[in-house]
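Structure first, commentary second.
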Amino acid sequence: EAVDKTKSTVDLIWLPPRHDGGGKIIGYLVEYQKVGDEEWTKANHTAESCPDLKFRVTGLTESYMYKFRIMAVNVVGESEPVYVRDPVEVKDRLEAPELFVDANMARDLNIRAGSDLTLSAMIKGMPFPKVTWQKEDKEVPMKADIGVTPVGSKLQICNAVRGDSGHYSLTVENEAGKKSATCNVFVLDKPSPPHTFTVTEVRSNSCYLMWKEPIDNGGAVISNYIIEKRDVSAPQWVPISSSSKKHSIMAKYLMEGTQYLFRVAAENQYGRSAFVETKKPIKAIDPLSPPGPPKNLHHVDVDKTEVSIVWNYPDRDGGAPITGFLVEYQEEGAQDWITFKTVSIPECTVTHLEEGKIYRFRVKAQNIVGFGRPDTTVPVLCQEKIVPPTIDLDVKLIEGLVVKAGSTVRFPALMKGIPVPSVKWVIDSVVIKSEGHYKINTDGHSTILTIEECNRKHSGEYLLTVSNPAGSKTVALHLTVLDVPGPPIGPANILEVTPEHMVVSWRPPKDDGGSPVMNYVVEKRETKKETWGIVSSGSTSTRVKIPRLQKGCEYIMRIRAENKIGIGEPLDSLPTVAKHTFDVPSPPGKPVVYDIAENAVTVSWGLPKSDGGSPINGYILERREISGKWIRVNKTPVLDIKFRAVGLFEGNSYQFRVFAENIAGLSKPSPNSDTVAAKRPITAPGPPINPKLKDKSRESVDLVWIKPNKDGGSPILGYIVECQKTDSTKWIRVNKDDLIPQCAYRAHGLIEGNEYRFRVKAANVIGEGEPRELPETVIAKDILQPPEIDLDIVCRELVTVRVGQTICISGRVKGRPDPDITWSKDSKVVSPDKRTEINNDYPIIRLHIKSATRADYGKYSVVAKNSSGQVQAAVVVNVLDRPGQCQNIRTNYITKDSCMLAWDNPEDNGGSEITNYIAECRQPSQRGWSMISADLTKRIVKVQLVPNQEYFFRVCAENKVGLGPTVETKTPILAIDPVEKPGAPENFHVAETGKSFAQLKWRKPDFDGGSPNLSYHVERRLKDTDEWDRLHKGSIKDTFFMADRCIENQTYQFRVQTKNEGGESNWVKTDYIVIKEEIQKPVLDLKLSGILTVKAGETIRLDADLRGKPAPEVTWVKDKDAIDFARLPRAKIEITPESARFALIKAKRSDSGKYTIIATNIAGSFTAYAIVHVLDVPGTVRDLKISAIASDRCRVSWDAPEDDGGCEVQNYVIEKCETKRMIWSTYSTSVLNEYANVTRLIQGNEYIFR
């Protein structure tokens, strides 16, 4: 029959003939015929090309109808044909692919290294889609085992490693469409080794280790690094640090002269990486090395044939003194450097150069080890020297020269430059010529400017400019000529004149003589006299007060400025007479006394008729008792024309007088006031303060006020309240009988709806005082206020009490009219009873519940309601008690040694969180209970039992109040192992298939049901059938089974189950498997990371895991040479179906190279590579030469050996021998370069070197 077709092919299958004719069937012939044609066309020309019971006919034309027939062939000939029943139309059967990923691809997959990585999905589509697995958009690794079945595909990588992490994608595609699924795989492992491990800063007792973090952190953060050291002569590694988180460490406490190896490894949560070691031993010595390059090499002079260069010593001398510097030069465009000479100081003049050429110069420092790296100058052109001019001056001239007037000043300056520069002196943009005070003397190397008998005009900035064709240079010189200051700037102003003093002011002199004015000398003289008297000589102020004048005398003042040079010319004032310019004021008016008290009076007076020409500063008040002395009342003058005189004695009589005062002095006294007696006055009280309405109703008002500021000199006896209707002018007294003693009053008898005005008066012994009226009118009516509830702060949200205590909820209520109060608990009204007391004394509300029980727990609400509204407040009351009884106590998982005891929470936790549970047990024959645990926080515990014994259990809960009641198990349990159904087999899979068999494997279940006697049942069925066939008799004990007698190319499904005394487990099934001989491309997993390094004489070992079906052939090749290692006596090769091992004993340097392992079978080939380095001592140095022979030294040079032994040459050992003695002695064991300067030779002796 035709089982499948495309636009150019048809797939046919058939069954073998019932009779083979007595001979083996060689194969089958397939023919096809286009409907309508007569001829049959052969699809295969020989029977041998179709040995199987299927064939794909190709080369057909799309959309045509074809007939097919098949003939069996044996040695005798062809059989009769069998025909496909119906003609087949050739065209594609299209069905878009569908992809159903399994759970292992539904999300990111994290696995540990060494585990098996499995990704799988179910696939549908017609024609069956092409399946492509990719990793990071490239082909998956060769070691990945990809299986494709008619219903799905699976990718499996055994023993996954970190390199298998990545983004995997599965793509299925046919002509009808394409679909993809992706999955990120993370293989978690220990990290890779750190890399770039270096050792620096080696000293006699320490060195500095550095490394870089691993390229692969294993999928987890690096937690720390382990650093170890080892003496090369000792086998044991010694730890340096095992908790370092940095990428460097200082290895201390080394022994000088000892060689050490170091290694470091990284560690994460999955383990420690391999160690990475230093490539060569490190000797703990203070290092000797060539010196560093000279610093700041530059040229300082250039001429036609020579260049002068200088430099500084290097920063590093390499651990040995620098013996000299090698100077070399190179012509521009040349490759070679020419040695000039070796000098011992950091400067040199290179001669015999050619004019017009460009040269570069370099210098190397030398010590006992050899030459260091050079430092090179910029290119230098040899040409005739042109030097820009320079000026050399005394620093004092640049900073500024200060001289006295009349001195001779010289400005000398040295100048350099090629050719000789010209000179120009300038001041204030004017070129100075040699005339008058100035004289200029100039020669080829210097110039001098001389100023004779200088004065203040010669002060300023002098510019000296020298220039030649190479450039110019200008410097500034400063000259300050000092002299006495000029006269102060007039006129001298007389600011103030009195009979005793004058105040004089002036302005500073225009010229201070070149230095600051230190002080002014002020002098005075009478116009009638010739002598001057000094008034002031120590002040820099331009204003001075001249005291001690004689009233009516005429004076002249003169002022002179003084600096550090001397006193300048004077400035004279005009003659001025010492007298006042005004008089004392006239006396004030007669004082008037009023506002008399027992100890004070107020006095006022009139202004004086004249202030005497100067403003009045104040007034002086005096008092006296009748026929007594005058006493001053105010200590300081009073500016006002009235004053409150205090400190009087009650009953005494007093008179008062006043003096006016200005700057000229006191006036004459005023006339005396009338005589007054100090006594206490009594008047009516003042009005009350701030009367206002406090509350009101329809028939009354509440008024409040503050007592008056003044009581009139007599205590207030009470208050009077009066009211007035708005439509009347008559005030009616409200308190008709007695005075109101307090500052508050409730007025009754109002008519609802009427509007009133109110006022309040105070009264004392004199009578009623002034009234004070309320600012607003009052309408007699009730005030409506919605109720408000304010619970006490201790019971606003939560009230917690213990059982037996009293619950108290209290608060305050506001509202107009008084609201009705209702208490409720959990929406039920609370009524008073024996334990409950409700007190609603407005405005205080209170609820008391005595001897609280757990039933009192809940939410309590209080509702206040009046005609204006209602309000509610709530509080939660928690009554703490011991917890209730635990629920549903039970036992599970009973074995002979233990059981699991579990229970549920109590229905009531007692109002407090349960802190722990107490579990106990006892045997039926015992009365006492044994403690299992008293601090259980979970509701389950594992109990250890004695085998074959019965047990009761009980549990109770505990909170912070105490222990709750216990609950016990009703029946005892027996401590024996139960036998249950076992678990299903684990990891059931088809390990291998052949033409007629399938090898099945599984793992015993994790749970055996309590019985070790496990057996298994294995069954199979063909695809598209529902009937399962048992493959064996009875049960099998092994965890593998060979399912034979299968039909090749048929699709089967297998299943297995576990059985014990407790029953049978669930079935575990495989996917549908096509029975055919399995072909697997070879895969090699070489167990080597990086480069394999061995020492000469050791064994080279290379191991690789091998997979492939049929078993691959393995070939070993080195450096692409077909060496037959089987005939090599030192080589040992071992090949098994699972591995390939190669060993080469007594390794040589020539064994280094690239080793290739090739595995080949009919499915393909696989190639793996390994790089091997064999380390040995280096070869012989080449071309040893002696040069630069002197009386006590020579230069030994050589070429590096052709073979360095596989690692870098550490150093060279030089030995010398006198030919007449023929005894070799070591000159040096630490030469790093390929040359050395051998010193301390004896002149005339003959030497051999090696």
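Be aware that the sequence shown starts at 1, since it is given in UniProt numbering, and climbs by one per residue. Heads up, the beta-carbon is just placed ideally off N, CA and C, and yes, glycines get one too. None of the values given here were measured: they were computed from a predicted structure.
First and last residue of the uninterrupted beta strand (DSSP E) at residue i
i: V875; result: G869 to L880
i: M900; result: S898 to D904
i: I1162; result: Segment: none, I1162 is in no beta strand (DSSP E) and carries neither H nor E.
i: L495; result: I489 to V497
i: Y270; result: No beta strand (DSSP E) holds Y270; DSSP gives it neither H nor E.
i: Q1080; result: Q1080 to L1086
i: A919; result: N916 to R922
i: F649; result: Looking at the DSSP string, F649 is not in any beta strand (DSSP E), and its letter there is neither H nor E.
i: E173; result: G166 to N174
i: A284; result: Taken as a continuous stretch (DSSP letters only), A284 belongs to no beta strand (DSSP E), as it is neither H nor E.
i: A103; result: Careful: A103 lies outside any beta strand (DSSP E) and carries neither H nor E.
i: K510; result: Run containing K510: none; DSSP gives neither H nor E here.
i: A405; result: From DSSP, A405 is part of no beta strand (DSSP E); its letter is neither H nor E.
i: K859; result: G858 to N866
i: K1118; result: E1113 to K1118
i: P388; result: V387 to D392
i: N468; result: G460 to N468
i: S4; result: Note that residue 4 is Asp in the sequence shown, not Ser. A2 to K5 is the span of the beta strand (DSSP E), which, as asked, contains D4.
Cβ neighbour criterion (16 or more within 10 Å) applied to residue i
i: L449; result: buried
i: S1187; result: exposed
i: E267; result: buried
i: W605; result: buried
i: L639; result: exposed
i: N764; result: buried
i: Y253; result: exposed
i: Q335; result: exposed
Element boundaries [alpha helix (DSSP H), containing residue i]
i: E992; result: Not the alpha helix (DSSP H): E992 falls in the beta strand (DSSP E), residues E986 to T993.
i: I398; result: V395 to E399
Whole-angstrom distance between residue j and residue i, CA atom to CA atom
i: T822; j: P787; result: 13 Å
i: residue 1251; j: P771; result: The structure shown does not extend to residue 1251, since the chain is modelled only from 1 to 1250, so the question has no answer here.
i: K457; j: G514; result: 11 Å
i: I546; j: G618; result: 27 Å
i: A747; j: T729; result: 19 Å
i: K7; j: V148; result: 23 Å
i: S667; j: G712; result: 40 Å
i: E80; j: L15; result: 14 Å
i: P1064; j: V140; result: Looking at the sequence provided, one finds Glu at residue 1064 rather than Pro. The alpha-carbon atoms of E1064 and V140 are separated by roughly 41 Å.
i: P681; j: G628; result: 25 Å
i: S700; j: A855; result: 49 Å
i: H445; j: G292; result: 42 Å
i: M255; j: V238; result: 14 Å
i: N1233; j: D1199; result: 10 Å
i: residue 1326; j: S233; result: Since the first residue shown for the chain is 1 and the last is 1250, residue 1326 is missing from the structure and cannot be characterised.
Interface flag, residue i vs chain C, CB-CB below 8 Å
i: D1006; result: In the structure shown, chain C cannot be found, because there is only a single protein chain.
At which residue ranges does the UniProt domain "Fibronectin type-III" (1180-1250) contain complete alpha helix (DSSP H) runs of 4 or more residues, listed in the order of the chain? Fully enclosed alpha helix (DSSP H) runs of 4 or longer: not present.
Ignoring anything shorter than 3 residues or poking outside the UniProt domain "Fibronectin type-III" (293-385), list the beta strand (DSSP E) runs there in chain order. List check, beta strand (DSSP E) in window: 295-302, 307-312, 324-331, 338-343, 347-350 and 358-366.
Do the stretch 1139-1148 and the stretch 1092-1104 make contact, defined as three or more Cβ pairs closer than 8 Å? The stretch 1139-1148 makes contact with the stretch 1092-1104; the number of CB pairs closer than 8 Å reaches 3 or more.
Quick check: the stretch 752-759 against the stretch 713-727, are at least 3 beta-carbon pairs closer than 8 Å? Counting Cβ pairs under 8 Å, three or more are found: they touch.
If we require 3 or more residues per run, which beta strand (DSSP E) segments fall completely within the stretch 23-86? For the stretch 23-86, whole beta strand (DSSP E) runs of length 3 or above, ordered along the chain, are 27-34, 54-57 and 65-73.
Answer yes if the stretch 27-35 comes into contact with the stretch 66-78, meaning at least three C-beta pairs across the two stretches below 8 Å, and no otherwise. Of all C-beta pairs linking the stretch 66-78 to the stretch 27-35, three or more are shorter than 8 Å, placing the two stretches in contact.
Can you list the beta strand (DSSP E) stretches of 3 or more residues lying completely in the stretch 108-171, in chain order? The stretch 108-171 contains these whole beta strand (DSSP E) runs: 109-112, 117-126, 130-135, 145-149 and 152-157.
Check whether the stretch 242-258 and the stretch 190-210 touch, using three or more Cβ-Cβ pairs below 8 Å as the test. Counting Cβ pairs under 8 Å, three or more are found: they touch.
Using 8 Å as the Cβ pair cut-off and three pairs as the minimum, do the stretch 395-403 and the stretch 471-481 touch? Three or more beta-carbon pairs separated by less than 8 Å link the stretch 395-403 to the stretch 471-481, which places the two stretches in contact.
Entirely within the stretch 963-1050 and at least 3 residues each: give me those beta strand (DSSP E) ranges in chain order. You should have 986-993, 998-1003, 1015-1022 and 1040-1043.
Do three or more CB pairs link the stretch 942-952 to the stretch 966-980 at distances below 8 Å? The stretch 942-952 makes contact with the stretch 966-980: 3 or more CB pairs, one atom from each, lie closer than 8 Å.
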